[in-house]
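Here's the structure we're looking at; comments come further down.
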Amino acid sequence: MLHIVNKSPSERTALASCLAHARPGHCVLLIEDAVYAATRGHAAGEGLAAAMASQVKVYVLAPDLEARARAGAVADGVSMVDYAGFVDLVAKNPRVQSWL
Amino acid sequence: MDQAGTVKKFLFVNRKAPYGSVYALEGLEVVLISAAFDQDVGLAFLDDGVYQLAKGQNTKAIESKNFSPTYRALEGYDIEKLYVERESLESRGLTEDDLLVDVQVLGKAEMAALMDEMDVMISF
Amino acid sequence: MGTIEVNGKAFETDEEGYLVNLADWNEDLAGEIAKAEKIDMTENHWEVVNFLREYYNEYQIAPAVRVLTKAIGKKLGPEKGSNQYLYELFPYGPAKQACKIAGLPKPTGCV
Numbered sequence: 002m003l004h005i006v007n008k009s010p011s012e013r014t015a016l017a018s019c020l021a022h023a024r025p026g027h028c029v030l031l032i033e034d035a036v037y038a039a040t041r042g043h044a045a046g047e048g049l050a051a052a053m054a055s056q057v058k059v060y061v062l063a064p065d066l067e068a069r070a071r072a073g074a075v076a077d078g079v080s081m082v083d084y085a086g087f088v089d090l091v092a093k094n095p096r097v098q099s100w101l
Numbered sequence: 002m003d004q005a006g007t008v009k010k011f012l013f014v015n016r017k018a019p020y021g022s023v024y025a026l027e028g029l030e031v032v033l034i035s036a037a038f039d040q041d042v043g044l045a046f047l048d049d050g051v052y053q054l055a056k057g058q059n060t061k062a063i064e065s066k067n068f069s070p071t072y073r074a075l076e077g078y079d080i081e082k083l084y085v086e087r088e089s090l091e092s093r094g095l096t097e098d099d100l101l102v103d104v105q106v107l108g109k110a111e112m113a114a115l116m117d118e119m120d121v122m123i124s125f
Numbered sequence: 015m016g017t018i019e020v021n022g023k024a025f026e027t028d029e030e031g032y033l034v035n036l037a038d039w040n041e042d043l044a045g046e047i048a049k050a051e052k053i054d055m056t057e058n059h060w061e062v063v064n065f066l067r068e069y070y071n072e073y074q075i076a077p078a079v080r081v082l083t084k085a086i087g088k089k090l091g092p093e094k095g096s097n098q099y100l101y102e103l104f105p106y107g108p109a110k111q112a113c114k115i116a117g118l119p120k121p122t123g124c125v
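Residue numbers (this note's numbering), protein chains in the order written: chain A, 2 to 101; chain B, 2 to 125; chain C, 15 to 125.
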């Protein structure tokens, strides 16, 4: 399953809720304001690290990071994808859940 | 719905409180429409979504439509699987008795397992 | 937007003839809408219209036809809980015509 989050973790609980329901083998893609969660030093990093430790794969959309001047600060273990990579993720996961 | 005769498991995931945004009402309307397609439909309420089911809503003074009675019509639409997350209730000071319909209360891990069984998830 | 006139008073309707304000409804107005729909209201018609108003009061929606049929069968007897019976009363569709006469909005998901 691919989980997609687009809300800032400082403003909404979408990411926390998503990580609480993601299971081993699932993918989480951070886009729009959710990309801040994947940057070094962000308070949301702990939750992401714990998810990754339990076999959840975390991706972040590069164009959204670049737009926000955070592309150089991606946290360890998080994979950057471009739009083509976004499409690949959707194609390879039979189910997608958006955490609005 | 992409193949005639195929029944898929749908879960409508409700995570928003009822009147601050249009999500809850829109979600409910989509659920009612989905009933026409003879699919296996369930609803999950978590985070602020649990407030949608709170008993005793009175919207007169805010001049919005009180759509909470409509959740009680779902049974007539053969939509009988309503799941509410226990942690979401507890962290908001609510219990099952505060809800206006019969639901199945699930812990977070059970909710995650339920979501993992679905074919399609639609979030509001 | 349109209007429907009863006893010299005009009431607002949408472009399809559904009453805009639920609270405007009364039996005279229902009779007038029925006339526009070319329906001769009998006791059986009123029974369905009143059932719809009760359903709406309870659940705040106009039911889908399938749901209406089932609920009518439960309340008024199985011989009335059939599509055939309801379509005989309201040839252009019980949900559409009966809801309009009952002063309810168009049913959700009604196409």
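Backbone N, C-alpha and C define an ideal beta-carbon position, used for all residues, glycine too.
When CB distances to chain B are screened at a threshold of 8 Å, the residues of the segment 72-85 of chain C falling below it are E72, Y73, Q74, I75, P77, A78, R80, V81, K84 and A85, in chain order. According to the DSSP assignment, E26 of chain C belongs to the beta strand (DSSP E) that extends over K23 to T27.
Of B:S89, B:A25, B:F13 and B:Y20, the smallest CA-CA separation from K82 of chain B is found for B:F13. In the displayed model, Q53 of chain B falls within a helix according to three-state DSSP. Chain A has a Cβ within less than 9 Å of the Cβ of A114 of chain B. Put simply, the CB of R24 of chain A is near chain B, with a gap under 9 Å to one of its CB atoms.
The beta-carbon of A21 of chain A is placed less than 9 Å from the nearest beta-carbon of chain B.
A straight line joining the alpha-carbon of D28 of chain C with that of V34 of chain C spans about 6 Å. Look at G28 of chain B here: in three-state DSSP terms it is helix. Excluding sequence positions up to five before and after Y37 of chain A, its CB lies within less than 8 Å of the CB of S9, P10, S11, H43, A45, R69 and R71, all in the same chain and listed in chain order. Per DSSP, the continuous alpha helix (DSSP H) segment holding H22 of chain A begins and ends at A15 to H22. The beta carbon of G87 of chain C sits closer than 6 Å to those of G95, all from its chain and outside the five residues before and after it, given in chain order. Contact check between the segment 36-49 of chain C and the segment 39-49 of chain B: fewer than three CB pairs, one atom from each, fall below 8 Å, which does not count as touching.
If you ignore the 5 residues before and after W39 of chain C, its C-beta comes within less than 7 Å of the C-beta of L33 and G117, all in its own chain and listed in chain order.
Assigned with DSSP and collapsed to three states, G16 of chain C falls in strand.
Residue A:L30 holds the alpha-carbon nearest to the alpha-carbon of D89 of chain A among A:L30, A:G48 and A:L66. At least one CB of chain B lies nearer than 9 Å to the CB of M2 of chain A. The C-alpha of Q111 of chain C lies about 10 Å from the C-alpha of Y101 of chain C. DSSP places Y60 of chain A inside the beta strand (DSSP E), whose first and last residues are K58 to L62. Contact check between the segment 44-62 of chain C and the segment 51-59 of chain B: fewer than three CB pairs, one atom from each, fall below 8 Å, which does not count as touching. Taking the Cα of A17 of chain A as reference, the smallest distance to any Cα among A:L66, A:T40, A:A52 and A:R41 is reached at A:A52.
Close to D120 of chain B, with beta-carbon spacing below 9 Å, are these residues of chain A in chain order: P95 and R96.
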